[in-house]
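Right, one structure below, let's go through it.
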Amino acid sequence: MKPVRLAIAGLTACSGCQLTLLNCEDELPDVLRRFELVYFPMAQSGGRREGPFDAALVEGAVSTPADLDMLFSLRNASRLLVAYGTCAAFGGVAAMNNGQSQRQELLQTVYGSEASLPESFAPAPFGNFVSVDWTIRGCPPEKEEVVELLAALLAGTLPPVRSYPVCTE
Ligand code: SF4
């Protein structure tokens with residue numbers, strides 16, 4: 001059976017979602033045997049962002065033109081694009097500013113009046129720019145959901161849609 005070609009990458013983020021994958025110690029030998037990790041810069045050197053990929057798991061928010069280029073490139077090269085984690089799904093930490101100020105003001109408050117961010121824009125989730133085939137929520141995601149997704153990818157499909165519990169009291 002042909003191995004599933006995988007890309008795993010991060011945009012503006014803390015890398016915690018990618019770390020969740022690396023923390024699946026029990027499953028990693030199987031993953032390495034049955035998937036071809038073509039591009040996973042956090043965990044390998046020499047990987048190339050050259051598709052086609054069967055799936056791309058991408059964490060982080062889109063915060064810079066470089067992020068957007070990466071997202072378009074992975075979208076174009078991948079049969080399935082997975083928004084991996086809360087930053088990718090909703091903007092997450094990078095998109096928060098408490099509604100208090102504009103990003104330029106925030107930047108100058110933290111880094112001084114000379115700081116500027118001319119080539120950036122408000123961080124946003126993937127769905128604002130490209131079509132997304134699957135979303136894993138969580139900051140970081142639950143390991144069980146990651147393993148469930150990998151198992152489904154091996155079967156050439158996606159996991160069943162989950163319903164998430166809500167607090168009632
Ligand atoms: Fe980090 Fe959470 Fe964003 Fe994942 S969702 S990259 S763990 S901040």
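Its first residue numbered 1, the sequence shown is counted upward by one per residue in the UniProt record's numbering. Even glycine gets a Cβ: it sits at the ideal position worked out from N, Cα and C.
Assignment of beta-bridge partners to Ser113 by DSSP yields no partner. The Cβ atoms of Arg137 and Thr86 lie closer than 8 Å to each other. Ranking Val166, Trp134, Phe126 by CA distance to the CA of Leu153 puts Trp134 first. By the CB criterion at 8 Å, Ala61 and Pro125 fall inside the cutoff. Here Glu59 is near Gln18, since their CB atoms are less than 8 Å apart. Applying a distance threshold of 6 Å between residue Cβ atoms and the heavy atoms of ligand 1 selects Ala13, Cys14, Gly16, Cys17, Glu59, Gly60, Gly85, Thr86, Cys87, Gly92, Val93, Cys139, Pro140, given in chain order. Annotation: the continuous alpha helix (DSSP H) that includes Ser73 extends over 65–77. If you ignore the 5 residues before and after Leu71, its C-beta comes within less than 8 Å of the C-beta of Leu11, Val58, Val62, Phe126, Phe129, Val130, all in its own chain and listed in chain order.
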